[in-house]
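K.L.:
The sequence shown: position 204 = 204 (our numbering), numbered continuously.
Ideal Cβ positions, reconstructed from N, Cα and C, are used throughout, including at glycine.
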Amino acid sequence: MRWSNLFIPTLREAPAEADAVNHRLLVRGGFIRQLQSGHYSMLPLGWRVHQKVGEVIRQEMDAIGGQEFLLPAMHQASLWQESGRWESMGDEMFRLTDRKGADLALGMTHEEVFATLSLELASYRDLPQIWYQIQWKFRDEPRPKAGLLRVREFAMKDSYSFDIDDEGLDASFDLHHGAYQAIFSRLDLDAVPVQASSGAMGGSASVEFMVASPAGEDDVVQCGGCDYAANVERATAALEPVENRVGANAPESIPTPGIRTIRALSDAGHPPEHQIKTLVYRINGSLALILLRGDHTFLEQKFVDATGAINLVPAEADEIRAALGASPGSLGAVGVTDLTIYADPGLEGRSGMTTGANEDDVHLTGVDIARDIAVDLWLDMRGIEAGESCASCGGTLTITRCIEAGHIFKLGRRYSEAMGVSVLDSGGENRVPTMGSYGIGVGRAMAAIVETHHDDAGMVWPMCVAPFEVVLTVVKVDHEGSMAVAEAAHNNLLAAGIDVLLDDRDGRPGVKFADSELIGIPLRVTIGPRGIDSEMLELTVRATGEQEDLPVGDLVSRVVELVHEGRSARL
């Protein structure tokens, strides 16, 4: 390919609204352009990278026996209603109505559609199956941001496994786990598998593959002493013992005028670890109390995972006062019998505690949880803080901001049952197959590579996904000898199967060098009159800046050697 013929609209400056590294560099390098918030056009360089990332994914999926499909992006509402997700997906699902009045949705994922296709499976002999596609997905994100990391329209590889039993599901899950590790290794992404919440997908287990980056939106808890790693939404930690304060035989009220926060109550002599934090939520339409230790945070996703709650929203101030007789800051669970009470295990066995008295400007001290509060259900629902101890080995836990690069789920029979899927087992009995679901965002992987492979000059693409593998930079295009060597090398490299870009633009060398560094091509060969006269060219490796003298006669063979090494490299 010749640079002079390509559409590569590089920019010296990134748009002011570009906050993430991938957004700034992909726009500056002429890879993408934003059409509107959360929607991007892939320009030729961007599409080349996108396609190469997709091909890596495709190869590893094929290697575990995956069969590629292409399913519709628009689905009838009845399909999602059958699974129960038409309502639970909420506002993030794009919904529309056709001219006949039929309700439709743009697919966020394809469990329902694949499960419907699996109705044609008849026997255990048809199993196991691994089906996948690389298809566009749509999500009505309220706040798209961070370039390609959080968008409203994106390509995803989603695959689905069908097995006769849980042992088979475990095998399919492990196959995908291995395939994902191979994919991320080839993409040069240090993706750590961590325990995760299944969220709206449901199922018995899930694993996320997380890449450390400040641009991420997930926090991952890791132990320095063992291999424990989990999303904060799933993480647990050893609870350090707290010595109870001495309390009376019954709670005692104390005046606390103007005290409405954990900190203010602490300043008044009641440390957070000796306080009961009382939250009021409306859960599936009913008011309930949620209790935690004063220094612990409430994680809604943990609660949803533990209870299966579909609708979880904080209660409004007026309904709180109507139910408890006080405003937030003076609330408690002592004596409450008409609301469901959930408590975190951090409060189990605690006494000498302080909590709101359900009377404005009044608190209770000396509260004994077991004696004074009728807890209905104990649930682990607190957030973990850095520095806590690992529940497995006692090591120190750290928290790292990460990009979720992939997610795999054991769905079980939720969708196959909902869609009426069954097969005959070896005994002639009807059995409902068990499913797994496995996703990787192609554009998100592309963005994650940029976030972790860049420097001050621009992007540094791994060889296997670079838009071009080598650029031949001609210093003076009006020098016949330079152009003759460049043209011959270009043609020979193409014949050898190398993605080569010939920079034949009539421009200053400094601009050409800066552009090639910005767009991140792994190898650059500089061809100029001085090199032609000495028969020694300059080869530069983008990732390291290393340079080597390259005899003109060895140009093609040396580049082919380096490209093949780069293509086969794994993290």
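#1: Run the CB neighbour count on A569, radius 10 Å, all protein chains shown included, and call it buried at 16 or more, exposed below.
#2: Tell me the residue span of the alpha helix (DSSP H) that contains G510.
#3: Run the CB neighbour count on N22, radius 10 Å, all protein chains shown included, and call it buried at 16 or more, exposed below.
#4: I need the straight-line Cα distance from V477 to G443, nearest angstrom please.
#5: Taking only three categories from DSSP, how would you classify F184?
#6: Taking C402 as the reference, give the member of K145, I519, V232, R558 with the closest Cα.
#7: Between the region 396 to 410 and the region 91 to 103, do at least 3 Cβ pairs fall closer than 8 Å?
#8: Since L501 is in the beta strand (DSSP E), which residue starts that stretch and which ends it?
#9: Drop a sphere of 10 angstroms on the beta-carbon of D368, count the other beta-carbons inside from all chains shown, and report buried for 16 or more, exposed for fewer.
#10: With a threshold of 6 Å on Cβ separation, who are the neighbours of F154 within its own chain once the five nearest residues in sequence on each side are excluded?
#11: I'd like the span of the alpha helix (DSSP H) that includes K100, first residue to last.
#12: Short check: CB of R28 to CB of G420, under 9 Å?
#13: Measure the C-alpha to C-alpha separation of T116 and E208 and round it to an integer number of angstroms.
#14: Buried or exposed: where does Q67 fall if 16 or more other Cβ atoms within 10 Å of its Cβ makes it buried?
#15: Which value, in whole angstroms, describes the spacing of the CA atoms of R263 and R321?
#16: Restricting to Cα atoms, I'd like to know which of R505, D455, A182, G383 is closest to V474.
#17: For R382, I'd like the list of residues in its chain whose CB is within less than 8 Å of its CB, leaving aside the five on either flank, ordered along the chain.
#18: Have a look at Q76 and H110 and give me their C-alpha separation to the nearest angstrom.
#19: Considering only the beta carbon of each residue, do G366 and A250 sit closer than 9 Å?
#20: Report the partner residues of N284 according to the DSSP bridge assignment.
#21: Do the region 30 to 39 and the region 529 to 536 make contact, defined as three or more Cβ pairs closer than 8 Å?
#22: Hey, could you find the ends of the beta strand (DSSP E) E548 is sitting in?
#23: CA-CA distance, I498 and L121?
#24: Find the nearest neighbour of E385 within the set P214, S557, F114, A230, judged by alpha-carbon distance.
#25: Terminal residues of the continuous beta strand (DSSP E) containing G406?
#26: Compare the beta carbon distance of D163 and Q133 with 9 Å and say whether it is the shorter of the two.
#27: Measure how close the beta-carbons of M463 and G545 come, nearest whole angstrom, since I'm counting them as under 8 Å.
#28: L502 and A486 look like a contact to me (Cβ under 8 Å); what is the Cβ gap, rounded to whole Å?
#29: Would a C-beta distance cut-off of 9 Å place R234 and V194 closer than the cut-off?
#30: Provide the residue span of the beta strand (DSSP E) that contains T473, from first to last.
#31: Looking only at DSSP bridge pairs, what is H454 linked to?
#32: For Q51, tell me which candidate among L523, G553, D91, F468 has the shortest Cα-Cα distance.
#33: Assuming R573 is part of the alpha helix (DSSP H), what are its boundary residues?
#34: Rounded to whole angstroms, what's the CA-CA distance from R431 to G168? Just pull it up for me.
P.N.:
Straight from the coordinates:
#1: exposed
#2: 509 to 519
#3: buried
#4: 36 Å
#5: helix
#6: V232
#7: no
#8: 500 to 503
#9: buried
#10: K137, G441, G443
#11: No alpha helix (DSSP H) holds K100; DSSP gives it neither H nor E.
#12: no
#13: 26 Å
#14: exposed
#15: 22 Å
#16: R505
#17: L292, R293, H296, T297, F298, L299, K302, D344, G346
#18: 12 Å
#19: yes
#20: According to DSSP, which records beta bridges pairwise, N284 is partnered with nothing at all.
#21: no
#22: 547 to 551
#23: 43 Å
#24: A230
#25: 397 to 412
#26: no
#27: Contact doesn't hold; Cβ gap of about 16 Å is too wide.
#28: 6 Å
#29: yes
#30: 470 to 474
#31: M459
#32: F468
#33: Any property of residue 573 remains undetermined from this structure, which presents the chain solely from 1 to 571.
#34: 13 Å
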